[in-house]
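Engineer: Take a look at this one; I'll ask things after.
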Amino acid sequence: RAKRCTYRTVEYGRKALKKVGAPEDLWLCIKEPTYEKTQELMRNVDFVIATGGAALIKVVYAAGKPAHTVGAGNVISIIDESANVKEAANKIMRSKTFDNATSCSSENAVAIHENIYDEMIKALIDEGGYMCTIEEREKLRKTLWPDGETLNRDIVAKPAEYIANVAGFKVPEGTKFLMVIGEKIGPEDRFSGEKLSVVLTVWKWNNFSEMVERMKKMHKFSGEGHSASIHTNKQEQIEELSLKANVGRVEVNMPHCLVNSGSWYNGQPFTTTIGCGTWAGNMTSDNINWRHMLNYTWTSVPIPEYVPSDEELFGDYLKKWGRD
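Its first residue numbered 239, the sequence shown is counted upward by one per residue in the working numbering.
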């Protein structure tokens, strides 16, 4: 499916280039890709931008060319008791269901403060969510990871009703996404990681700092360096999450998937390539965009010399520790 979509996209791009009189071959695609062809291509270009998992990152850097790579997603959205519950639920639904959750920026989990937990779950159900029973959760787990480890490609980008039917249970007509209760973190519970499907893991918390640490553990398992989300009206929580979370982006009170790769109202550069920094073995934690594809020439001319004093440079240090 990805191969066909990519090739079709390139076909559209080539038509657009031809329309404006530009060389069509500015945009090319290998119609029948193989690892060998991909490696050969990377060895014969000036610069590589690659989207894929850890294995691909190693292959890209082994090609010996300058490269920007990305990491896996596993967006966790924290909902604080000060959040607007209905607005947060609507934004999460819109983000989670966009392209049937194929985006790495789709929420994979929501963490809800205990004081608004029941209200938030109801709001998510009102937005088309379905809370799975314990038995349905187990059926869903076996469907998503038949061998206990590898994600079933047949459920990727599929509607909620289709996934439920394959798993062997029924959901109300019009269900947009499935919810399961979070239990453990790590490979023993794959629901704590990225799912690339309209399946949302739900956690409950009562201490914000502890929830941030729990998020870091989930990201250590899956999605470190990528992104996080928070719905809150408390500035101190926004700052704490931003300082402590091992992610390159924190989206505040927004539909995560719809803004994380750039939006006209959040100021982030538009991209389809989410850098995850050294957390994920990447060169940058930026939204990789056209600026990363340019070489820059710095032209310097003389300016009036200004040499800052020690106090200007190291004032706080000197006040605390002195000069000795």
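A virtual CB, placed ideally from N, CA and C, is assigned to each residue, including glycine. These numbers come from a predicted model, not from an experiment.
1. Which residue comes first and which comes last in the beta strand (DSSP E) that contains ILE316?
2. Taking 8 angstroms as the threshold (C-beta atoms), are MET453 and ALA466 in contact?
3. I'd like to confirm the pairing. Which residues does DSSP put opposite SER467 in its beta bridges?
4. Can the beta-carbon of ASN527 be found less than 8 angstroms from the beta-carbon of PRO546?
5. Any chance you could list the alpha helix (DSSP H) runs of at least 4 consecutive residues sitting entirely within the region 398–445, in chain order?
6. Please return the same chain residues whose Cβ sits closer than 7 angstroms to the Cβ of GLY213, not counting the five positions on each side in sequence.
7. In the structure shown, what three-state DSSP assignment does ILE526 receive?
8. Express the C-alpha separation of THR516 and VAL308 in angstroms, rounding to a whole number.
9. Please classify ILE350 as buried or exposed, where buried requires at least 16 neighbouring CB atoms within 10 angstroms.
10. Is it buried or exposed for PRO304, if we count other Cβ within 10 angstroms and need 16 for buried?
11. Please report the straight-line C-alpha distance between ALA483 and GLU451, rounded to a whole angstrom.
12. In chain order, what residues of the same chain lie with their CB nearer than 7 angstroms to the CB of PRO410, ignoring the 5 residues before and after it?
13. So THR413 packs on GLU399, CB below 8 angstroms; how close in whole Å?
14. Could you name the residues that DSSP lists as bridge partners for THR511?
15. Less than 8 angstroms between the C-beta atoms of ASN471 and ALA321, yes or no?
16. On the CB-based measure, 16 or more other CB atoms within 10 Å of its CB, does LYS458 come out buried or exposed?
17. Between VAL313 and ALA405, what straight-line distance do the alpha-carbon atoms span, to the nearest angstrom?
18. Quick one: what does DSSP say GLU270 is sitting in, helix, strand or coil?
19. So for ASN328, helix, strand or coil by DSSP?
20. Assign TRP443 to one of two classes, buried (16 or more other C-beta atoms within 10 Å of its C-beta) or exposed (fewer than that).
21. In whole angstroms, what is the alpha-carbon distance linking VAL485 and GLU462?
22. Need the endpoints of the beta strand (DSSP E) that TYR368 sits in, please.
23. Can you find at least 3 beta carbon pairs, one from the region 315–335 and one from the region 532–548, that sit closer than 8 angstroms?
Structural biologist: With the structure as the only source:
1. 313–317
2. yes
3. SER315, GLU489
4. no
5. 398–405
6. This structure gives no information on residue 213, because the portion of the chain shown stretches from 239 to 562.
7. strand
8. 10 angstroms
9. buried
10. exposed
11. 8 angstroms
12. TYR368
13. 6 angstroms
14. ILE526
15. yes
16. exposed
17. 24 angstroms
18. coil
19. helix
20. buried
21. 6 angstroms
22. 367–369
23. no
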